[in-house]
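Asker:
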Amino acid sequence: MGNFQNGVSTPIDFKRSAKTDQFQNHDYYVVDDLLTDEHKLARDAVRDWVKQSVSPIIEDCANRSVCPTHLFKELGDIGAYGPSIPAKYGGGGMDDTAYGIIMQELERGDSGIRSMASVQGSLVMYPIYRYASEEQKMKWLPKLGSGELIGCFGLTEPDHGSNPAGMLTNIKDDGDAYILNGAKMWITNSPVADIAVVWAKDEEGKIRGMVVETGSKGFSTPEIHGKWSLRASITGELIFEDVRVPKENVFPEIKGLKGPLSCLTKARYGIAWGAIGAAMDCYDSALRYSQERVQFGRPIGGFQLTQKKLAEMITEITKAQLLCWRLGSLMDKGKATPAQISMAKRNNVHMALEIAREARQIHGGMGITNEYPIMRHMMNLETVLTYEGTHDIHLLITGMDVTGFNAFS
Ligand code: TGC
Ligand code: FAD
Numbered sequence: 073m074g075n076f077q078n079g080v081s082t083p084i085d086f087k088r089s090a091k092t093d094q095f096q097n098h099d100y101y102v103v104d105d106l107l108t109d110e111h112k113l114a115r116d117a118v119r120d121w122v123k124q125s126v127s128p129i130i131e132d133c134a135n136r137s138v139c140p141t142h143l144f145k146e147l148g149d150i151g152a153y154g155p156s157i158p159a160k161y162g163g164g165g166m167d168d169t170a171y172g173i174i175m176q177e178l179e180r181g182d183s184g185i186r187s188m189a190s191v192q193g194s195l196v197m198y199p200i201y202r203y204a205s206e207e208q209k210m211k212w213l214p215k216l217g218s219g220e221l222i223g224c225f226g227l228t229e230p231d232h233g234s235n236p237a238g239m240l241t242n243i244k245d246d247g248d249a250y251i252l253n254g255a256k257m258w259i260t261n262s263p264v265a266d267i268a269v270v271w272a273k274d275e276e277g278k279i280r281g282m283v284v285e286t287g288s289k290g291f292s293t294p295e296i297h298g299k300w301s302l303r304a305s306i307t308g309e310l311i312f313e314d315v316r317v318p319k320e321n322v323f324p325e326i327k328g329l330k331g332p333l334s335c336l337t338k339a340r341y342g343i344a345w346g347a348i349g350a351a352m353d354c355y356d357s358a359l360r361y362s363q364e365r366v367q368f369g370r371p372i373g374g375f376q377l378t379q380k381k382l383a384e385m386i387t388e389i390t391k392a393q394l395l396c397w398r399l400g401s402l403m404d405k406g407k408a409t410p411a412q413i414s415m416a417k418r419n420n421v422h423m424a425l426e427i428a429r430e431a432r433q434i435h436g437g438m439g440i441t442n443e444y445p446i447m448r449h450m451m452n453l454e455t456v457l458t459y460e461g462t463h464d465i466h467l468l469i470t471g472m473d474v475t476g477f478n479a480f481s
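Numbering-wise, the numbering used here puts 410 at position 338 of the sequence shown, and it's gapless, one number per residue.
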C-alpha cells in the first residue's frame with residue numbers, strides 16, 4: 073500500500089498524523105500548501121490581531137450588547153477593508169483568496185467583527201470602486217480603507233427582504249439633485265456610519281445606487297435594539313424624508329438589481345470563508361474540553377460518541393475549507409459564478425451552525441455560559457444564515473442554476 077507522488081509509489085507513514093502536523097490550524101488536508109506566502113502572512117497578521125484586540129473583549133461586548141467601535145479604525149490599520157481592492161483606492165491590492173482568509177480569521181473572533189469588515193469592504197467600498205466616478209472614488213475610498221470614515225449598505229426594507237426588487241424607496245429628479253424618500257431596515261453599522269450606499273428606484277422604476285451622507289437633512293439612522301444575535305455589531309434603520317442627494321453622488325452607469333446583487337456576490341463569498349473561522353473556534357474549544365473534562369474516570373474525548381461528534385466536525389470543516397479554496401482560485405481567475413458562491417455561503421454557514429450546536433453539547437452545561445465562545449457563535453450564526461440571502465434563497469438559486477427553472481417568478 074502506498075501513496076503515489078510524481079509517478080513513484082511512496083509508503084504511507086502511519087505514525088505521522090494530521091493531528092501532529094496540522095493541529096494548530098485544524099488544517100487536516102494541508103490546505104496551507106495551496107496558499108502563497110502573502111496569504112499566510114495576511115492570515116497570521118489578522119489572527120494575531122484578533123487574539124490581541126478582539127478575544128479579550130468580545131464576550132463582554134456581546135454580553136452587554138455593545139459594539140466595540142474603536143475597532144473600526146484598527147481594522148483599517150490591519151488592512152481588513154477591501155483587501156482585494158487596488159491600493160490606489162484604499163484597498164489591500166491582494167487577491168480574493170487573501171480576502172477570504174482574512175474574513176475567516178476575523179470570524180474566528182466574532183461574526184460581528186467580520187461584518188464590520190465585510191460591509192465596509194464589499195458593500196461600501198466595492199460599489200464605489202466599481203460604479204462611482206473617478207472623482208467620487210478618490211473622495212471616499214482612501215478614507216473608507218483607512219477606517220477614517222464608516223459606511224453602511226441599504227438594500228433591505230421593512231417589507232422587502234428576500235425580494236429587494238419590490239423596494240419602495242425612491243428618488244425624484246430635482247434639478248442638480250435627487251430627492252430621496254423611503255426606509256431601509258436591518259442595516260449593519262447605520263447608527264455609526266458617515267455615509268450610506270443606498271439603493272432606490274428612479275422615476276422609471278429602475279434601481280439606482282448612490283452615496284448618501286448621514287448628516288444630510290431629513291436622514292436619520294435609529295438603532296435596532298433587542299437582538300440576541302450579532303450583539304457586538306450595531307444595526308439600525310435608514311429613514312429618508314425628502315433627503316437631497318447631489319446628482320454626482322448617484323452611480324452613473326449601473327441600473328437594475330444587478331448593481332446591489334454584484335456587491336452581495338462579493339460579500340457572500342467572504343461569508344463563506346468567514347463561517348469556517350467561527351466553526352474552527354467552536355471545534356477548537358470542544359476538542360480541548362473533550363481532552364480535559366473527565367467523566368466515568370476518563371476524558372470524555374475517549375468515548376466513541378464524543379469522537380463521532382469531533383470526527384464529523386473536522387470532516388465538515390475540511391470539506392468547507394476545500395470548497396472555499398477552490399472558490400477562491402476561481403474568484404482570482406474571474407471565473408466564479410454567483411451560483412457557486414451561493415452554494416458555498418449556504419453550505420458553510422449551515423455547517424458552522426451545526427458545529428456550534430454539537431460543540432455546545434460536548435461542553436455540557438458549561439456550553440451555555442460565556443466562559444466559552446460557543447453560544448455567542450451559535451447565536452451570531454443564526455443571523456449569518458439569514459443575511460446576505462437566507463439559507464432557503466441560496467438553495468433556490470442553486471435549484472434555478474441546475475434546473476433552469478426560476479422558482480422566484
Ligand atoms: P433576477 O431577475 O434573478 O436578477 C436581476 C438581475 O441581477 C442579475 N443577478 C446578479 N448579478 C450579480 N450578482 C448576483 N449574485 C446576481 N444575481 C442576479 C441577474 O442576472 C439580472 O441581471 P439583468 O441584466 O438580467 O437585469 O432577480 P430576482 O428579482 O428574481 O431576485 C433573485 C433573488 C431572489 C436571488 C435576489 O433577489 C436575492 O438574492 N435576494 C436575496 C436578498 C439579499 O441577499 N439581501 C441581502 C441584503 S444586504 C445584507 O444582508 C448585508 S448583511 C451585512 C453584514 O455582513 O453585516
Ligand atoms: P423575509 O424575506 O421576510 O424571509 C422570511 C422567511 O421566508 C425566510 O425563511 C425566507 O427564506 C423565506 N422566504 C422568502 N421568500 C421565499 C421564497 N421565494 N421561497 C421560499 N422561502 C422564502 N440588509 C441590508 O440591506 N444591509 C445590511 O447591512 C444588513 N444587515 C443585517 C444585519 C442583521 C443583524 C440582520 C438580521 C439582517 C441584515 N440585513 C441587512 C437584512 C437581511 O439581508 C435580511 O434579513 C434577509 O435578506 C432576509 O430578509 P427578511 O428578514 O425580510 O426575511
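Every residue, glycine too, gets a C-beta built ideally from N, C-alpha and C.
Tell me, to the nearest whole angstrom, how far the beta carbon of residue 210 is from that of residue 153; I am working on the premise that it is less than 8 angstroms.
Answerer: Residue 210 to residue 153, Cβ: 16 angstroms. No contact.
Asker: Going along the chain, which residues of its own chain have a beta-carbon closer than 6 angstroms to the beta-carbon of residue 454, five neighbours each way excluded?
Answerer: Cβ-Cβ distances below 6 angstroms link residue 454 to 301 in the same chain, with the five nearest sequence neighbours on each side left out; the list follows chain order.
Asker: Of all the options 283, 218, 314, 403, which has the alpha carbon lying nearest to the alpha carbon of residue 332?
Answerer: 283
Asker: Tell me, which residues are paired with residue 282 by DSSP?
Answerer: Paired residue(s): 270, 322.
Asker: Can you name, in chain order, every residue of its own chain whose Cβ lies under 8 angstroms from the Cβ of residue 294, other than the five neighbours on each side?
Answerer: 263, 308, 309, 311
Asker: Is the beta carbon of residue 241 less than 8 angstroms from the beta carbon of residue 233?
Answerer: With respect to the 8 angstroms criterion, residue 241 and residue 233 are not classified as neighbours on the basis of their beta carbons.
Asker: Let me know the alpha helix (DSSP H) ranges lying completely inside the segment 423-464, each 4 residues or longer, listed in chain order.
Answerer: 446-458
Asker: Give every residue of the same chain whose Cβ lies closer than 6 angstroms to the Cβ of residue 315, excluding the five residues on either side of it in the sequence, and list them in chain order.
Answerer: 252, 288, 290, 291
Asker: Does residue 479 pass the burial test, meaning 16 or more other C-beta atoms within 10 Å, or should it be called exposed?
Answerer: exposed
Asker: Just how far apart, CA to CA, sit residue 346 and residue 337?
Answerer: If you take the alpha carbons of residue 346 and residue 337, they lie about 14 angstroms apart.
Asker: If residue 147 and residue 189 are in contact, beta carbons under 8 angstroms, what's the gap, nearest whole angstrom?
Answerer: 5 angstroms
Asker: Run through DSSP, which three-state label would residue 372 get?
Answerer: helix
Asker: Considering only the beta carbon of each residue, do residue 145 and residue 219 sit closer than 8 angstroms?
Answerer: The Cβ atoms of residue 145 and residue 219 sit closer than 8 angstroms to each other.
Asker: Less than 6 angstroms between C-beta atoms, sequence neighbours within five positions excluded: which residues of the same chain meet that for residue 421?
Answerer: So the list reads 347, 456, 457, once near-sequence residues are dropped.
Asker: Is the number of C-beta pairs between the segment 96-107 and the segment 127-143 that are closer than 8 angstroms three or more?
Answerer: no
Asker: Quick check: residue 317 and residue 259, are their CB atoms within less than 8 angstroms of each other?
Answerer: no
Asker: With DSSP as the reference, label residue 111 as helix, strand or coil.
Answerer: helix
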